[in-house]
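**Student:**
Residue numbers (the working numbering), protein chains in the order written: chain A, 670 to 1069; chain B, 670 to 1069.
1) Closer than 8 angstroms is the cut-off here; do at least three beta carbon pairs connect the stretch 951-962 of chain A with the stretch 718-725 of chain A?
2) Our contact map puts residue 1071(B) next to residue 975(B) with C-beta atoms below 8 angstroms; I'd like the distance itself, whole angstroms only.
3) Would the stretch 762-772 of chain A count as touching the stretch 755-765 of chain B if we require 3 or more Cβ pairs under 8 angstroms?
4) Per DSSP, residue 877(A) is paired with what?
5) Within 8 angstroms (strictly less), CB to CB, does residue 893(B) reach chain A?
6) Taking all protein chains shown into account, do 16 or more other C-beta atoms lie within 10 angstroms of the C-beta of residue 1038(A), making it buried, or fewer, making it exposed?
7) Applying the 10 Å Cβ sphere with the 16-neighbour rule, what's the burial state of residue 678(A)?
8) Anything in chain B within Cβ reach of residue 737(A), meaning under 7 angstroms, just list it in chain order.
9) Can you pull the chain C neighbours of residue 1053(B), defined as C-beta to C-beta under 9 angstroms?
10) Where DSSP assigns a beta bridge to residue 1032(B), which residues make up the other side?
11) For residue 969(B), count the other beta carbons within 10 Å of its own beta carbon; 16 or more makes it buried, fewer makes it exposed. Which is it?
12) Drop a sphere of 10 angstroms on the beta-carbon of residue 735(A), count the other beta-carbons inside from all chains shown, and report buried for 16 or more, exposed for fewer.
13) With DSSP collapsed to three states, give me the class of residue 1015(A).
14) Could you pull the start and end residues of the alpha helix (DSSP H) that residue 978(B) belongs to?
15) Classify residue 1063(A): buried if its beta carbon has 16 or more other beta carbons within 10 angstroms, exposed otherwise.
16) Quick one: which residues of the stretch 953-969 of chain A get their C-beta closer than 9 angstroms to a C-beta of chain B? List them in chain order.
17) Whose C-beta lies closer than 6 angstroms to the C-beta of residue 837(B) among residues of the same chain, with five residues either side of it excluded?
18) Hey, how far is the Cα of residue 935(B) from the Cα of residue 980(A)?
19) Contact defined as beta carbons within less than 8 angstroms: I believe residue 787(B) pairs with residue 1029(B). What is the distance between those atoms, to the nearest angstrom?
20) Enumerate in chain order the residues of its own chain whose CB-to-CB distance from residue 703(A) is below 7 angstroms, with the five nearest sequence positions on each side excluded.
21) Say whether chain B places a C-beta atom closer than 8 angstroms to the C-beta of residue 861(A).
22) Listed from N- to C-terminal order along the chain, which residues in the stretch 790-806 of chain A have their beta-carbon within a distance smaller than 7 angstroms of any beta-carbon of chain B?
23) Can you grab the Cα-Cα spacing for the pair residue 761(B) / residue 895(B), in whole Å?
24) List the residues of chain A whose Cβ lies closer than 8 angstroms to the Cβ of residue 747(B), in chain order.
25) Since residue 917(A) and residue 738(B) should fall inside the 8 angstroms C-beta cutoff, what is the C-beta to C-beta distance between them, to a whole number of angstroms?
26) Let's see if you can read the secondary structure: which residues bound the alpha helix (DSSP H) around residue 795(A)?
27) Mind pulling the chain A residues with CB within less than 9 angstroms of residue 917(B)?
28) At 9 angstroms on the CB atoms, spell out the chain B contacts of residue 872(A), in chain order.
29) The stretch 761-779 of chain A: which residues have C-beta closer than 7 angstroms to a C-beta of chain B, in chain order?
30) With DSSP collapsed to three states, give me the class of residue 886(B).
31) My understanding is that residue 1042(B) touches residue 1008(B), with C-beta atoms under 8 angstroms, so please give their C-beta distance in whole angstroms.
32) Going by C-alpha to C-alpha distance, which of 680(A), 748(A), 694(A), 684(A) sits closest to residue 953(A)?
33) Is the Cβ-Cβ distance between residue 982(A) and residue 999(A) less than 8 angstroms?
34) Using only CA atoms, which one of 867(B), 807(B), 985(B) lies nearest to residue 680(B)?
35) Below 8 angstroms CB to CB, which residues in the same chain sit around residue 755(B) once its five sequence neighbours on both sides are set aside?
36) By Cβ distance below 6 angstroms, which residues in the same chain neighbour residue 915(A) in space, the five residues on each side in sequence not counted?
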């Protein structure tokens, strides 16, 4: 028996595993060194108290026969589907509760969702991109059309840039806005062009909205469903990881409108069938905690945490401004995407920061070859570390 | 774009969804009726106090910066992988911690694991079987060889029964012991025959050990790794759902030995790559609760709960014995698999029990066509309900 040979087409090591390995080796060679970790986008602030209280309450529910919850509905608990749909409805997006699916997180869902599309598809990925988009499609045996983002298009490619030979070829189109890693955000006009293109060419957009809570500018869309025509071409995948510090607590959600059909098949119904076959739902305890995020108190508390991360972004942006480095993001996104100084390669810059100032970032090359020459900082670190890292970064870049 | 057309080959409704629909309709027509639910295998006892205390502690960890956990290792937290490996080692099975993978539960894992085998495989499923085995493989586009279990082989098929034309054709072989739905258990000799067959024919066994904690007889294997040669041919998938009441709390584990290779590819390494690409691990809180199951106190408490379910099994078995009905299981498994009386069809018997005595069970036909004429009772109900259901069942069958 030959297993899934597509695994042989994957690069040896996943980006973040590679970073972890390098930093581990550094710490083994230099024990006791404090590293300023701004690489992997993990949050540093604990869960807010509205969530903690609800988690405790839910644990208590599981201790007593009368309130104990066994198998959860596979597509999500009614109370949480409604809370999430209400959150959309609060932003004037009309959505029914059963268009919302609760997940264990966006990264899990991005892998799982490919199942309803099959294994002979062509997908369009705008690079630099979250590496799992590419890897999950390599594993599925899908063909990948790469669309390069760069300074010339402000890291926001438009359908007009699709090469003629690739026009209409993509079955799936990944869009991440606010973008990981570049922090770039699609305006309504720019996103509308993609929606129109997808509807025209029978493609489906996988819209990754994991960072929507970081948008500051009024005019930037938080959800693809704010735009006309998205209900017939888009799946939206969201996460509480960055919004509410759920990276280690795990919960997310996915929207699949009833109107989304391809080849006579209804994608919402297919996902229901997938979930009822392949999962027994997300933990009751975690879903209760997640529901607390959508209460008035929960929203207030998570936005206090987001403010802390935004202040981190400001600190870093000021440092880069001071030394005249070009960068993207930071304003509507928790990532800052900077140009490596002096034409340095991104892994070279990674090593330099690690060795000289003990700052860990993410080499742009890890997000696709067109990310070479760039470097990503996450703004999720502790304020104290971020201030020190910004100081060190500024000093280093001034001396270059 | 045409989505995954294999979904069109699935039957319209998943077994348990079908049962839920029928009972819902009955309750709408007969409001206020108390139903004795022994259909879906959901537990009725709350989580034990060792787990509850640990869950609370873990929630508190998430409330404070110094103890807060962000992203978990994708393959499972070290503390839980070690606790599970210790559990195996305690039964004299040699296993390294990194051969254990933490999952969100066996049902999730049974769907996900197919990814490392690819989408052009032939799988052997012994029916009657847990319906998700079949459905997940239909979705993947795999060919299915069905091996019928019945009274003639004690619901335990042996490789000797494989038709000549199918010999050596299966890439994957599903074995569930203790079996859902029949409650039958493979002896060491009978299981060894499958291990030898798999090693001989280059197949991989997916061993579903979700019910191992219910084994009473000393000689019955709890794990396939108790037997010689399993490390080179078997993946073992387990769950805390039934063992520790985690149906709604969600945690399980999968063992993939380092020795398991096919086509020059190492399946443990492939699963690491799958997990690091497609998940961000299982919730820290839930993993802490799961680890408590493997403590001395946790083990004692969960076995007190299991005793309650075993007493339910005894009550049902006595009722069936009294009316001379043939049945399987109950002793080493939480399911009782009875022959429908008077040659009745299994959905016919379902309707009869629902309408006449308000007892909900599971029609054998839902587990494959050779399950027709049989009926499954879960022993996870409340003792009070089980006693009453057994009484009603006995009275009904006596009058038939």
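All C-beta atoms in this analysis are idealised placements derived from N, C-alpha and C, irrespective of residue type, glycine included.
Predicted, not measured: the structure shown is a model, and the values here were computed from it.
**Tutor:** Straight from the coordinates:
1) Between the stretch 951-962 of chain A and the stretch 718-725 of chain A there are three or more C-beta pairs closer than 8 angstroms, enough to call the two in contact.
2) Since the first residue of chain B shown is 670 and the last is 1069, residue 1071(B) is not available in this structure.
3) The stretch 762-772 of chain A vs the stretch 755-765 of chain B: no contact.
4) Indexing the first chain from 1 puts residue 877(A) at position 208. Answer by DSSP bridge pairing, in chain order: 845(A), 906(A).
5) In the second chain, the residue the question calls residue 893(B) occupies position 224. For residue 893(B), the answer is no, since every Cβ of chain A falls outside 8 angstroms of its Cβ.
6) Working through the first chain from its first residue, we reach residue 1038(A) at position 369. Residue 1038(A) comes out exposed.
7) Counted from its first residue, the first chain places residue 678(A) at position 9. It is exposed - the Cβ of residue 678(A) has fewer than 16 other Cβ atoms within 10 Å.
8) In the first chain, the residue the question calls residue 737(A) occupies position 68. What residue 737(A) touches in chain B: 715.
9) Looking for chain C here will not work: the only protein chains present are A and B.
10) For the purposes of this step, residue 1032(B) is taken as the residue at position 363 of the second chain. Per DSSP, 1044(B).
11) By one-based count along the second chain, residue 969(B) stands at place 300. With fewer than 16 other Cβ atoms inside 10 Å of its own Cβ, residue 969(B) counts as exposed.
12) One-based indexing of the first chain puts residue 735(A) at position 66. Counting C-beta atoms within 10 angstroms of its own C-beta, residue 735(A) has fewer than 16 neighbours from the protein chains shown and is therefore classed as exposed.
13) Taking the first residue of the first chain as position 1, residue 1015(A) is located at position 346. Note: residue 1015(A) maps to helix in three-state DSSP.
14) Residue numbering aside, residue 978(B) sits at position 309 when the second chain is read from its first letter. Residue 978(B) -> alpha helix (DSSP H) spans 965-991.
15) Numbered from 1 along the first chain, position 394 holds the residue referred to as residue 1063(A). Buried: at least 16 other Cβ atoms inside 10 Å.
16) Of all residues in the stretch 953-969 of chain A, those with a C-beta nearer than 9 angstroms to a C-beta of chain B are 953, 954, 955, 958, reading in chain order.
17) As a position in the second chain, residue 837(B) is number 168, starting the count at 1. By the criterion of a C-beta distance shorter than 6 angstroms, residue 837(B) is surrounded in its chain by 870, once the five residues flanking it on both sides are discounted.
18) As a working mapping, residue 935(B) is identified with position 266 in the second chain. As a working mapping, residue 980(A) is identified with position 311 in the first chain. C-alpha of residue 935(B) to C-alpha of residue 980(A): approximately 46 angstroms in a straight line.
19) The residue labelled residue 787(B) in the question sits at position 118 within the second chain. The residue labelled residue 1029(B) in the question sits at position 360 within the second chain. Incorrect: roughly 39 angstroms between the Cβ atoms, too far for contact.
20) Taking the first chain and counting its residues from 1, one reaches residue 703(A) at position 34. Contacts found: 1027.
21) Residue 861(A) sits at position 192 when you count from the first residue of the first chain. Taking a beta-carbon distance threshold of 8 angstroms, residue 861(A) does not count as an interface residue toward chain B.
22) Taking 7 angstroms as the Cβ-Cβ cut-off against chain B, the residues of the stretch 790-806 of chain A that qualify are 801, 804, 805.
23) Position 92 of the second chain, counting from 1, holds the residue named residue 761(B). Position 226 of the second chain, counting from 1, holds the residue named residue 895(B). Looking at the two C-alpha atoms, the distance is approximately 8 angstroms.
24) Residue 747(B) sits at position 78 when you count from the first residue of the second chain. Within chain A, no residue has its CB atom less than 8 angstroms from the CB of residue 747(B), the nearest being about 14 angstroms off.
25) Along the first chain, one-based indexing puts residue 917(A) at 248. Along the second chain, one-based indexing puts residue 738(B) at 69. Right, their Cβ atoms sit about 4 angstroms apart.
26) Looking up residue 795(A) in the first chain gives position 126. That residue, residue 795(A), is in no alpha helix (DSSP H); its beta strand (DSSP E) goes 791-796.
27) Against the second chain, residue 917(B) aligns to sequence position 248. Residues of chain A whose Cβ lies closer than 9 angstroms to the Cβ of residue 917(B) are, in chain order, 731, 737, 738, 739, 740, 741, 949, 950, 952, 953, 954.
28) As a first step, residue 872(A) must be located in the first chain, where it is residue number 203. Result: 670.
29) Residues passing the 7 angstroms Cβ filter: 773, 774, 776, 777.
30) Against the second chain, residue 886(B) aligns to sequence position 217. For residue 886(B), the three-state secondary structure derived from DSSP is coil.
31) As a first step, residue 1042(B) must be located in the second chain, where it is residue number 373. As a first step, residue 1008(B) must be located in the second chain, where it is residue number 339. In this structure, residue 1042(B) and residue 1008(B) form a Cβ contact; the two beta carbons are roughly 7 angstroms apart against a cut-off of 8 angstroms.
32) Stepping through the first chain from its first residue, residue 953(A) is reached at position 284. When C-alpha distances from residue 953(A) are compared across 680(A), 748(A), 694(A), 684(A), the shortest belongs to 748(A).
33) The sequence position of residue 982(A) within the first chain is 313, counting from 1. The sequence position of residue 999(A) within the first chain is 330, counting from 1. Inclusion of residue 982(A) and residue 999(A) in the CB contact set at 8 angstroms is warranted, their separation being smaller than that value.
34) Walking along the second chain from the start, residue 680(B) turns up at place 11. Out of 867(B), 807(B), 985(B), the CA that lies nearest to the CA of residue 680(B) is found in 807(B).
35) Taking the second chain and counting its residues from 1, the one referred to as residue 755(B) is at position 86. Closer than 8 angstroms at the Cβ level, and outside the excluded window around residue 755(B), lie 963.
36) As a working note, residue 915(A) is residue 246 in the first chain. Result list for residue 915(A): 909, in chain order.
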